[in-house]
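One structure is given here, and the rest of the page talks about it.
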Ligand code: HAM
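Residue numbers (our numbering): 109 to 523.
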């Protein structure tokens with residue numbers, strides 16, 4: 109039998125219901141903050157990513173799904189969406205008259221990564237991008253949105269890890285100090301870090317090899333080498349976070365795995381997620397829009413891993429707001445047509461009522477309802493028809509009630 113592609117999975121049942129709950133809350137909170145949805149294609153020209161994410165990053169070097177189309181164009185399944193959003197903004201001139209822009213997205217991303225629990229080759233992200241404002245206050249507005257969103261899902265104990273990586277032209281003196289620190293203990297670093305220190309020294313800081321992390325003890329911190337403007341930006345950012353009651357810690361090693369960041373970077377990790385503990389990440393990217401051919405425009409945003417968010421909700425037993433899910437069971441084929449007439453107006457009331465159309469024995473239908481997680485069964489036989497009622501079985505408790513047909517909608521609403 110043909111199986112799904114390694115690292116790509118089907119979503120259904122409980123997990124999908126959690127995805128849908130998160131997506132509903134996302135639309136609600138984003139709408140409340142005035143963020144508009146943007147949908148970009150899943151496939152983009154490969155050069156969009158090679159120009160935006162940095163030629164020495166793992167994503168560009170090892171993780172992209174790149175292929176040639178029938179006209180020999182190099183295309184790539186998007187590994188992230190910030191570059192695509194920026195391309196869409198430039199191509200559709202979205203900034204003209206709309207500055208600043210507040211955008212969000214939900215969709216699948218693709219990275220050819222080593223398989224691990226919580227790490228997929230097709231995974232889902234929700235992201236929010238604030239385009240056009242350079243201030244620390246606009247960063248905190250975007251993060252208040254994030255924490256309102258997480259709070260609406262019942263996740264109130266997560267905290268931010270923050271850093272600043274400044275602008276590329278501010279990093280020269282840091283690189284000098286960091287390279288000399290590296291040289292003094294180079295035997296302790298892995299071969300990849302020996303390559304990184306030449307190609308992209310910041311990447312040494314987030315090497316996952318334990319011995320490299322030990323060797324980094326006491327490393328020079330980039331923040332101390334930045335311009336006074338970048339440092340005061342960072343101080344103001346922290347002050348605003350305090351003012352908005354967003355808890356955070358500073359992490360001088362947190363430089364993020366993408367090269368477009370300038371100044372503020374951040375992540376939220378959750379120990380409950382296991383080895384793949386990064387729930388979300390983001391930061392400022394003031395050069396990206398210009399680098400991709402648009403006008404010089406500051407920007408800031410984040411993306412969270414929806415698969416990881418859902419696994420966290422399930423692990424923490426955060427239950428979904430439950431609406432009644434009903435199976436309407438006509439007793440025998442002769443009642444099916446009557447049931448169909450009766451249910452039609454109920455389907456317009458927003459309640460979830462599935463109609464049993466198989467004409468099987470009541471016992472079998474009830475077993476199906478229990479298996480599929482219905483909360484109630486509506487039973488409709490000759491007796492109910494004669495009395496203009498419906499028998500309602502509460503599947504959790506086994507209790508039964510008789511409801512007059514005219515009261516079904518009002519009683520359903522009270523459930
Ligand atoms: P990122 O850190 O590469 O940032 O990805 C964001 C989140 O996507 C991660 O924290 C993680 O939860 C999830 N994620 C990444 N790879 C996988 C995977 N293989 N399986 C499951 N989940 C995964 C970005 O993508 C930036 N575009 C974020 C951003 C938006 N920066 C500014 N604006």
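Positions of the beta carbon are idealized from the N, C-alpha and C atoms, including for glycine.
In this text, all values refer to a predicted model and were calculated from it rather than measured experimentally.
Residue 384 is a Cβ neighbour of residue 226, given a cutoff of 8 Å.
Distance from the C-beta of residue 228 to the nearest heavy atom of the ligand HAM is below 7 Å.
Not a single heavy atom of the ligand HAM lies less than 7 Å from the C-beta of residue 258. Note that the C-beta distance between residue 434 and residue 488 is not below 8 Å. In terms of side-chain proximity, the C-beta atom of residue 190 is found nearer than 7 Å to a non-hydrogen atom of the ligand HAM. The criterion of a C-beta distance shorter than 8 Å is not satisfied by residue 370 and residue 339. Across the structure, residue 171 and residue 157 are spaced so that their CA atoms are roughly 12 Å apart.
Between the alpha carbons of residue 521 and residue 151 lies a gap of roughly 44 Å. Residue 416 carries a helical assignment under DSSP once its states are collapsed to helix, strand and coil.
Linking residue 372 to residue 342 through their CA atoms gives a straight-line distance of about 7 Å. Cβ-Cβ distances below 8 Å link residue 133 to 257, 260, 261 in the same chain, with the five nearest sequence neighbours on each side left out; the list follows chain order. Under the 10 Å beta carbon count, residue 223 is surrounded by fewer than 16 other beta carbons and is classified as exposed. Assigned with DSSP and collapsed to three states, residue 176 falls in strand.
For residue 271, the uninterrupted beta strand (DSSP E) run begins and ends at 268 to 272, by DSSP.
For residue 299, the enclosing alpha helix (DSSP H) covers residues 299 to 307.
In this structure, residue 367 sits away from residue 424, with a CB-CB distance that is not shorter than 8 Å.
The closest heavy atom of the ligand HAM lies less than 7 Å from the beta carbon of residue 393. Counting only the Cα atoms, residue 203 lies some 43 Å from residue 320.
Taking one beta carbon from each stretch, the stretch 439 to 446 and the stretch 274 to 289 have fewer than 3 pairs nearer than 8 Å; the two do not touch. A contact is defined here as three or more CB-CB pairs under 8 Å, and the stretch 162 to 171 fails this definition with respect to the stretch 137 to 151.
Taking 8 Å as the upper bound for CB-CB distance, residue 486 and residue 500 are in contact here, some 6 Å apart. Contact between residue 174 and residue 184 holds, with the beta-carbon distance rounding to 5 Å and staying under 8 Å. According to DSSP, residue 217 shares a beta bridge with 231. In the three-state DSSP reduction, residue 384 falls in the coil class, being neither helix nor strand. For residue 347, the secondary structure class from DSSP, reduced to helix, strand or coil, is helix. In this structure residue 116 is exposed. Its beta-carbon is surrounded by fewer than 16 other beta-carbon atoms within 10 angstroms. A residue is called buried once 16 or more other Cβ atoms fall within 10 Å of its Cβ, and residue 403, having fewer, is exposed. The beta-bridge partner set that DSSP reports for residue 238 consists of 210, 408. Between the stretch 348 to 363 and the stretch 227 to 239 there are fewer than three C-beta pairs closer than 8 Å, too few to call the two in contact. Nearest to residue 180 by C-alpha distance, out of 334, 401, 186, 154, is 154.
Under the three-state reduction of DSSP output, residue 374 falls in the strand class. Look at residue 182 here: in three-state DSSP terms it is strand. In this structure, the C-beta of residue 415 approaches the ligand HAM to less than 7 Å from one of its heavy atoms. Comparing alpha-carbon positions, the option among 401, 324, 432 lying closest to residue 288 turns out to be 324. Contact check for residue 286 against residue 327 passes: the beta carbons are separated by less than 8 Å.
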